[in-house]
Amino acid sequence: MIEPRKSRHEFGPPLAEKKRKRPDITADRLRERMIEDALKPGDRIPANWLDPEALGISRGTLREALKILEFQGMIATKTGPGGGVFVRQIEPSEAIQTVTNLFLQTPPSIADIYALRKKLEPELAADAARDFPLDKIEELQETIRLYEAQPETGEEEYIQRLAELDFHAELARHAANTVLGFTCGLLLNLLRDLAECRAIYETPNPGLRETGILYQISLIRAIQARDAEEAHRIMHEHMTEAESYMLQRAEINKKRIRGEA
Numbered sequence: 001m002i003e004p005r006k007s008r009h010e011f012g013p014p015l016a017e018k019k020r021k022r023p024d025i026t027a028d029r030l031r032e033r034m035i036e037d038a039l040k041p042g043d044r045i046p047a048n049w050l051d052p053e054a055l056g057i058s059r060g061t062l063r064e065a066l067k068i069l070e071f072q073g074m075i076a077t078k079t080g081p082g083g084g085v086f087v088r089q090i091e092p093s094e095a096i097q098t099v100t101n102l103f104l105q106t107p108p109s110i111a112d113i114y115a116l117r118k119k120l121e122p123e124l125a126a127d128a129a130r131d132f133p134l135d136k137i138e139e140l141q142e143t144i145r146l147y148e149a150q151p152e153t154g155e156e157e158y159i160q161r162l163a164e165l166d167f168h169a170e171l172a173r174h175a176a177n178t179v180l181g182f183t184c185g186l187l188l189n190l191l192r193d194l195a196e197c198r199a200i201y202e203t204p205n206p207g208l209r210e211t212g213i214l215y216q217i218s219l220i221r222a223i224q225a226r227d228a229e230e231a232h233r234i235m236h237e238h239m240t241e242a243e244s245y246m247l248q249r250a251e252i253n254k255k256r257i258r259g260e261a
């Protein structure tokens, strides 16, 4: 029998993970081998890795382990000629949505989200001023056009508020620092999906749209000028004002729900 490679979980796992089931352990071992052998999207998982006897497990356990990896987006199975188990490309948006779903079970506070946004978004803006592809500026400008017209209904204003976040999402999507871009993208997704934030976005505030547009136009100019310091300053000011507004509205909504206003 082939001695399975030890996973990181076997070198002193947290107490909560000591009773992990065999399919989970097997999935982790396979994942570790994929990392160690530097398999890339599209690569086939070697057949000998998937031999239940060599792994010391049952066929049922192997099937469950592969289901776990497939659910995690790590692998895809193809049938027929040329079929097998292959490494799958994980899209950032897919990973962000998965992490967002985790936080929806225990929602973070708006204060928690903006504590990070105030620090990370200015860095994202500076990153954009240094490295944002200038041929993608049109895409940034297009996000502004989606909400520059005066909304005629409350629903249109709500849609525009969400579209305003797309400007920040474009900066995150093209970030040279991909870890920074991913984290900012996650925070934006939380703002879109959290019920508390949606309630705020549904509250009419015509002046907020104009303010957001002015900030974003200024940011585009700083990015085009490759002025990282100015981009950082503009975004920090923008995030500080956005935080103040969101916290104020959250408190007003809480009082209304409690019948205090």
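Just so we're aligned, residue 1 is where the sequence shown starts under UniProt numbering, counting upward by one.
All C-beta atoms, glycine included, are put in the ideal place defined by N, C-alpha and C.
Keep in mind that this is a model prediction, so the values were computed, not measured.
Best match in 250, 91 and 259 for proximity to residue 111 [C-alpha to C-alpha]: Selected option, being the one with the closest Cα: 250.
task: Would you identify the three-state DSSP class for residue 78, choosing helix, strand or coil?
output: Looking at residue 78 - three-state DSSP - the assignment turns out to be strand.
query: Which first and last residues belong to the beta strand (DSSP E) in which residue 86 is found?
result: DSSP places residue 86 in the uninterrupted beta strand (DSSP E) bounded by 84-87.
- prompt: How far does the alpha helix (DSSP H) with residue 198 in it reach, from first residue to last?
  reply: Looking at the DSSP string, the run of the alpha helix (DSSP H) that includes residue 198 is 195-201.
query: What residue does the alpha helix (DSSP H) around residue 144 start on, and which one ends it?
result: DSSP places residue 144 in the uninterrupted alpha helix (DSSP H) bounded by 137-145.
Residue nearest to residue 92 in terms of C-alpha spacing, selected from 225, 223 and 186: When only C-alpha atoms are compared, the closest one is 186.
message: Helix, strand or coil for residue 31? Go by DSSP, reduced to three states.
response: Helix.
query: Applying the criterion that 16 or more other CB atoms from any shown protein chain within 10 Å of the CB defines a buried residue, is residue 183 buried or exposed?
result: Under this definition residue 183 is a buried residue.
task: Return the chain-ordered list of same chain residues with a C-beta closer than 7 Å to the C-beta of residue 204, the five sequence neighbours on each side being excluded.
output: Correct list, in chain order: 154 and 157.
message: My assumption, with CB atoms under 8 Å, is that residue 294 sits in contact with residue 189. Please give the rounded CB distance.
response: The shown model of the chain, from 1 to 261, leaves out residue 294, and the question about it has no answer.
message: Using the Cβ count rule (16 or more neighbours within 10 Å means buried), how would you classify residue 36?
response: Under this definition residue 36 is an exposed residue.
message: Spatial neighbours of residue 76 within its chain, please: C-beta separation below 6 Å, excluding the five flanking residues on both sides.
response: Same-chain partners within the cutoff: 86 and 88.
Segments of 4+ residues assigned as alpha helix (DSSP H) that fall wholly inside the region 146-225: 154-173, 178-193, 195-201 and 206-224, all fully within the region 146-225.
task: With hydrogens ignored, establish whether the beta-carbon of residue 216 is closer than 7 Å to any heavy atom of the ligand FAD.
output: This structure simply doesn't include the ligand FAD, nor any ligand for that matter.
field: residue 258 burial status per 10 Å Cβ neighbour count (16 or more: buried)
entry: Residue 258 should be labelled exposed.
message: Please tell me whether residue 216 and residue 134 are closer than 8 Å, where the distance is taken between their beta carbons.
response: At the C-beta level, residue 216 and residue 134 stay beyond 8 Å of one another.
task: Since I believe residue 220 is in contact with residue 90 (beta carbons under 8 Å), could you give me their beta-carbon distance rounded to a whole number of angstroms?
output: The beta-carbon distance between residue 90 and residue 220, rounded to whole angstroms, is 31 Å. This is too long to meet the 8 Å contact definition.
- prompt: Cβ atoms of residue 84 and residue 33: under 8 Å apart, would you say?
  reply: Against a cut-off of 8 Å, the Cβ pair of residue 84 and residue 33 comes out as no contact.
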